[in-house]
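To start, the structure under review is shown below, and the notes come after it.
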Amino acid sequence: MKNVLVVYYSQSGQLKEIAKNISEPLLADPDINVVFHQIEMEKPFPFPWNKELFFDAFPESFLQIPAKLKPVPQKIMEMKYDLVLFHYQVWFLSPSIPINSFLKSPEAKILLNNTPVVTISGSRNMWYLAQEKIKVLLKQNNALLKGNIALVDRAGNLISVITIVEWMFSGKKEKHLGIFPLPGVSQKDIDDSVKFGHTIISALNQNNFDTLQDKLLLQDAVRVSPYLVAVDKKGNFIFSKWASFIIKRTEKRKKLLKIFVIYLVLAIWVISPIVYILHVLTYPFKINKNKKAVKYYKGVESA
217 MKNVLVVYYS QSGQLKEIAK NISEPLLADP DINVVFHQIE MEKPFPFPWN
267 KELFFDAFPE SFLQIPAKLK PVPQKIMEMK YDLVLFHYQV WFLSPSIPIN
317 SFLKSPEAKI LLNNTPVVTI SGSRNMWYLA QEKIKVLLKQ NNALLKGNIA
367 LVDRAGNLIS VITIVEWMFS GKKEKHLGIF PLPGVSQKDI DDSVKFGHTI
417 ISALNQNNFD TLQDKLLLQD AVRVSPYLVA VDKKGNFIFS KWASFIIKRT
467 EKRKKLLKIF VIYLVLAIWV ISPIVYILHV LTYPFKINKN KKAVKYYKGV
517 ESA
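Start counting the sequence shown at 217; every next residue gets the next number (the numbering used here).
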């Protein structure tokens, strides 16, 4: 009997549905015992969000400062797992606070120690640097990263900003104004994610995860945009300055966060298009560099 642990945190239910679909083939196998663990905060984050609380989560999210979690049930802790399917979402270019908190917990050290892991993210579009941070945390827990699946909102960058923000603040996954596409990972991609489960179960039954990522890539598990990688890197650099500055000035936190929001709006709607134009103009001179970036972020190796 193989034991598989499925870990996830979900507010809207999107990542929970993805976790369920990918696990479907494993659940159908009588020789595999699938255990689900939903990460829960001692003080839950709201959904839908209000704007003040949403942006107030920025410094701790980006700086990966953990918060208190509800304990992992003892019956989950008592088992040894052959594989962990680890689902996460991205907040402010970093793994979400619940995800960071779990990966920095004593329970994670026990559950992930010397255990194969497949990471599965559901995000707007920029997950590249968040995955690098996940790699570091997995390594600290002596986990063995064997696969990665990155499901994203396929709408254009600026369009997805509008739709995701509306979803986060309204709690309703619907077409904004009746004309915008649905926010988040498309239902088709969610439904089709069951295909990854079949590939994972094959590797699990063979006790061989060495070629798993290559097989997942053949199923379009990861798409890499050199432009978004560049934006992600620039965003991380700037966010690091903002987050460090705000976290040290408790008495001015609210005022600084309001200024940060103004900056963020300008960055998205003014700076981002300029970066895209520069990316297009310089692309012919960075072909080899971009190819290396695409290959790296499609893989599971660390830099």
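Cβ coordinates follow ideal geometry from the N, Cα and C atoms, glycine included. Computed from a predicted structure; not experimentally measured.
Under 8 Å between C-beta atoms of residue i and residue j
i, j, result
"ILE315", "TYR225", "yes"
"ALA235", "VAL222", "yes"
"PRO264", "MET384", "yes"
"ILE350", "THR335", "yes"
"VAL220", "LEU319", "no"
"VAL510", "PRO442", "yes"
"LEU328", "ASN358", "yes"
"LEU285", "ILE417", "no"
"LEU433", "LYS508", "no"
"PRO322", "LEU360", "no"
"GLU240", "VAL477", "no"
"ALA459", "LEU269", "no"
"LEU482", "ASN341", "no"
"ASP448", "LEU374", "no"
Residue nearest to residue i in terms of C-alpha spacing, selected from the options
i, options, result
"ASN421", "ASN237, ASP245, VAL223", "ASP245"
"LEU480", "PRO287, SER376, GLY451", "GLY451"
"ASN330", "LEU299, LEU497, VAL447", "LEU299"
"SER337", "ALA324, SER310, ALA371", "SER310"
"MET293", "HIS303, ASP436, GLN429, PHE252", "PHE252"
"VAL440", "GLN403, SER376, ARG370, LYS296", "ARG370"
"LYS505", "LYS474, LEU231, ALA446", "ALA446"
"LEU367", "LYS267, HIS392, ILE406", "ILE406"
"LEU428", "MET295, LEU497, GLY363, SER228", "GLY363"
"ILE395", "ILE378, SER228, LYS355", "ILE378"
"LYS232", "HIS303, PRO287, GLU258", "HIS303"
"GLU258", "SER277, ASN423, PRO287", "PRO287"
"ILE281", "PRO262, ASN266, SER317", "SER317"
"GLN254", "THR466, GLN227, ILE490, ASP408", "GLN227"
"TYR492", "GLY372, LEU393, LYS267", "GLY372"
"PHE271", "PRO489, LYS474, LYS355, VAL486", "LYS474"
"ASN266", "ALA419, GLU382, PRO489", "GLU382"
"HIS392", "ASP430, SER376, GLN403", "SER376"
Residue span of the beta strand (DSSP E) that contains residue i, given as start and end
i, result
"LEU221", "218-224"
"PHE455", "From DSSP, PHE455 is part of no beta strand (DSSP E) but of the alpha helix (DSSP H) over 442-463."
"SER339", "332-339"
"ALA366", "360-368"
"PHE252", "248-254"
"ASN302", "The amino acid at residue 302 is misidentified as Asn; the sequence shows Phe. Note, PHE302: beta strand (DSSP E), 299-304."
Cβ neighbour criterion (16 or more within 10 Å) applied to residue i
i, result
"THR415", "buried"
"PHE453", "exposed"
"ALA519", "exposed"
"TYR297", "buried"
"GLU390", "exposed"
"SER386", "exposed"
"GLN347", "buried"
"PHE425", "buried"
"VAL438", "buried"
Nearest-angstrom beta carbon gap, residue j and residue i [assumed within contact, 8 Å]
i, j, result
"PHE455", "LEU472", "So it is not a contact: roughly 13 Å between Cβ atoms."
"ILE380", "PRO397", "ILE380 to PRO397, Cβ: 11 Å. No contact."
"VAL401", "GLN230", "6 Å"
"PRO275", "ILE484", "Contact flag wrong, Cβ pair sits at about 19 Å."
"PHE412", "ILE238", "5 Å"
"ALA283", "TRP307", "Not a contact, Cβ separation roughly 12 Å."
"GLN290", "SER339", "With 8 Å as the limit, GLN290 and SER339 do not qualify as a contact, their Cβ atoms being about 32 Å apart."
Min CB distance residue i to chain D below 8 Å
i, result
"ILE462", "Here chain D cannot be found, since the structure has a single protein chain."
Limits of the unbroken alpha helix (DSSP H) element including residue i
i, result
"VAL491", "488-498"
"TYR479", "469-482"
"PRO275", "274-278"
Any non-hydrogen atom of the ligand ZN within 7 Å of residue i CB
i, result
"GLY338", "By its list of ligands, the structure shown contains no ligand whatsoever, and the ligand ZN lies outside what it can speak to."
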